[in-house]
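J.: In the working numbering, the protein residues as written are 1 to 423. Cβ atoms here follow ideal geometry from the backbone N, Cα and C, with glycine treated the same way. Treat the numbers as computed from the prediction; the structure is a model and nothing was measured.
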Amino acid sequence: MKNEGLTSEVPESAAVDTRIKLRNNKQYFSFAVARTLSTVGDGFGPVAISFGVLGAVGGTPKILSLVLFCQIVPAVMMIIFGGVIGDRFSARIVLSGARIGSAAGYAGLALLLMGSLRSPWLMCVAAGITGLSQALFLPASQKAVTALVEPDQLQQANGSLRLWANIGRIVGMSLGGIVVHAVGASTALGINSATFLIEAVMLAGAFPAGTHTRARGSIVGDLRRGWKEFSSRQWLWSVVLQYTVVVASSNALTGVLGPMSAGYLGGAAAWGFATAAQAIGRVAGAWTTLRLRPNRPIFVAVLATFPTAAPMFVLAFHGDLIFLILVFFAAGVCSDIYNVLWGTTIQREVPQDSLAMVNSYDLLGSIAMAPIGLLAAGPAADTWGTKPVLLTCGLLVTAATAITLSVPGVRNLKAQSTLKGNS
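(1) Give a yes or no on whether the C-beta atoms belonging to residue 164 and residue 32 are separated by under 8 Å.
(2) Beta-carbon separation of residue 80 and residue 366 under 8 Å?
(3) Any contact of the stretch 101-108 with the stretch 117-131, i.e. 3+ C-beta pairs under 8 Å?
(4) DSSP three-state call for residue 296: helix, strand or coil?
(5) What does a CB cutoff of less than 6 Å around residue 34 pick up in its chain, not counting 5 residues either side in sequence?
(6) Would residue 398 and residue 309 be called neighbours here (beta carbons separated by less than 8 Å)?
(7) Under three-state DSSP, which class holds residue 344?
(8) Is residue 62 buried or exposed, if buried means 16 or more other CB atoms sit within 10 Å of its CB?
(9) For residue 294 and residue 348, what's the separation of their Cα atoms in angstroms?
(10) Could you check how far apart the C-beta atoms of residue 369 and residue 179 are, in whole angstroms? I think they sit under 8 Å.
(11) Would you check whether the ligand ATP has a heavy atom nearer than 7 Å to the C-beta of residue 284?
(12) Rounded to whole angstroms, what is the Cα-Cα separation between residue 148 and residue 27?
(13) Determine the burial state of residue 404: buried for a count of at least 16 other Cβ atoms within 10 Å of its Cβ, exposed for fewer.
(14) Could you check whether residue 207 and residue 91 sit closer than 8 Å to each other, using their CB atoms as the reference points?
(15) Closer than 8 Å by C-beta to residue 55: which residues in its own chain qualify, once you throw out the five before and the five after it? Chain order, please.
(16) So, are the CB atoms of residue 40 and residue 288 less than 8 Å apart?
(17) Would you decide whether residue 212 is buried or exposed? Buried here means 16 or more other CB atoms lie within 10 Å of its CB.
(18) Could you pull out every unbroken beta strand (DSSP E) segment of at least 3 residues lying fully inside the stretch 23-60, listed in chain order?
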């Protein structure tokens, strides 16, 4: 009888065989090591920027907000054009070039902090370069995996990348305060710049010197092609719409509402334990995807979004710390199950010549809504209190997820269709 369950477990022998193939794939291994290295360095980048700007002569919270704003805006504005570039040029050119840009931006920040922040506007320019580089890198990096592994290895390849990236991020975040305290913010940013430069070299070696991905036409034509591929897939645009709500609510929780509500738990230390549990959960979630093969990957991915709302409800009703840690861990596990299944399905279902473009439309929904949740959460909590806003965020996530599960394209997309590749 055909298996109609939501998921099926990959036989251990098949999983081990795929892991061996990935380890022996030198190009993929180099790509994975490069990505992990940069996540370690980037883990303490935000800490270094915050403490560096605030600790510099003339540094104020207003200047810090301006610098961070200038880092986000280019990423939001240019992410679509990052997709165009990712489909026009080889991964070697785009990824290495973007990381060189990131290295230059963080090096500029480091040099300016050494000079005690003599020009806040130059800080904004340097921060803007890092944001622009990220907009160029992200769409192409998700596409690049398909050039390194076979279609039947994509889920394990993505799961492994997420696993090591999450570990690297935890290490980087753990070292952030220590490194900044020990050597100073400017040196920490210099280290971060160096990790991006090393990654650029390793990425250049991971991909052969290449030809363009396809013949180059007009930019407008590229945008239309990408939009057609995006809008013609009901499961794709409906989940992206869902995640505009999920991302805005999640950012409101982690950036504003959670810290505001954590006083009854004991303050910053308790909140740190909860968010650490979420980070550890992400590692566990990525590890889980190495062995599970969903029969309906998008349905399972969307289903895995429900636990995202749980910490919002626990905080709203003043649940105890242990319970909050458990639901944050569960939310972390499910978030990376979602990320791997979502990314793998896009890689398998979307044609190669439009993959970076479609990735950019997907990323736009997440990046554009991230600051909106942060911007709205504080004033809303001041006006109505944190409990109503937390409940509203939790209900929005729950409702958006339930509605998305009712979409036929989400329910009906079967894993069997993805085995055909990108034809």
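T.: If we stick to the structure as given:
(1) Against the sequence shown, residue 164 aligns to sequence position 164. Against the sequence shown, residue 32 aligns to sequence position 32. Against a cut-off of 8 Å, the Cβ pair of residue 32 and residue 164 comes out as a contact.
(2) Mapped onto the sequence shown, residue 80 falls at position 80. Mapped onto the sequence shown, residue 366 falls at position 366. Taking 8 Å as the Cβ cut-off, residue 80 and residue 366 do not qualify as a contacting pair.
(3) Yes, since at least three Cβ pairs between the stretch 101-108 and the stretch 117-131 fall closer than 8 Å, the two stretches touch.
(4) For the purposes of this step, residue 296 is taken as the residue at position 296 of the sequence shown. Looking at residue 296 - three-state DSSP - the assignment turns out to be coil, as it is neither helix nor strand.
(5) The residue you call residue 34 lines up with position 34 of the sequence shown. For residue 34, where only same-chain residues beyond five positions count, the Cβ hits under 6 Å are 199, 202 and 203.
(6) Residue mapping note: residue 398 aligns to position 398 of the sequence shown, counting from 1. Residue mapping note: residue 309 aligns to position 309 of the sequence shown, counting from 1. Closer than 8 Å, so yes.
(7) Working through the sequence shown from its first residue, we reach residue 344 at position 344. Here residue 344 sits in helix by DSSP.
(8) One-based indexing of the sequence shown puts residue 62 at position 62. Looking at its Cβ environment, which holds fewer than 16 other Cβ atoms inside 10 Å, residue 62 is exposed.
(9) Against the sequence shown, residue 294 aligns to sequence position 294. Against the sequence shown, residue 348 aligns to sequence position 348. Residue 294 and residue 348: Cα-Cα distance of roughly 14 Å.
(10) The sequence position of residue 369 within the sequence shown is 369, counting from 1. The sequence position of residue 179 within the sequence shown is 179, counting from 1. Not a contact, Cβ separation roughly 31 Å.
(11) This structure simply doesn't include the ligand ATP, nor any ligand for that matter.
(12) Taking the first residue of the sequence shown as 1, we reach residue 148 at position 148. Taking the first residue of the sequence shown as 1, we reach residue 27 at position 27. Computed Cα separation, rounded: 7 Å.
(13) To locate residue 404, count along the sequence shown from 1; it is residue 404. With 16 or more other Cβ atoms within 10 Å, it is buried.
(14) What you label residue 91 is simply residue 91 of the sequence shown in a count that begins at 1. What you label residue 207 is simply residue 207 of the sequence shown in a count that begins at 1. Taking the C-beta atoms as reference points, residue 207 is found nearer than 8 Å to residue 91.
(15) Within the sequence shown, residue 55 is the residue found at index 55, counting from 1. Taken in chain order, the residues that qualify are 185.
(16) As a working mapping, residue 40 is identified with position 40 in the sequence shown. As a working mapping, residue 288 is identified with position 288 in the sequence shown. Cβ distance not < 8 Å, so residue 40 and residue 288 don't count as in contact.
(17) Numbered from 1 along the sequence shown, position 212 holds the residue referred to as residue 212. Per-residue confidence for residue 212 stands at a pLDDT of 49, beneath the threshold of 50, marking its modelled position as unreliable; the derived number appears in the next sentence. Result: exposed.
(18) Those beta strand (DSSP E) runs which fall completely within the stretch 23-60 and span 3+ residues do not exist here.
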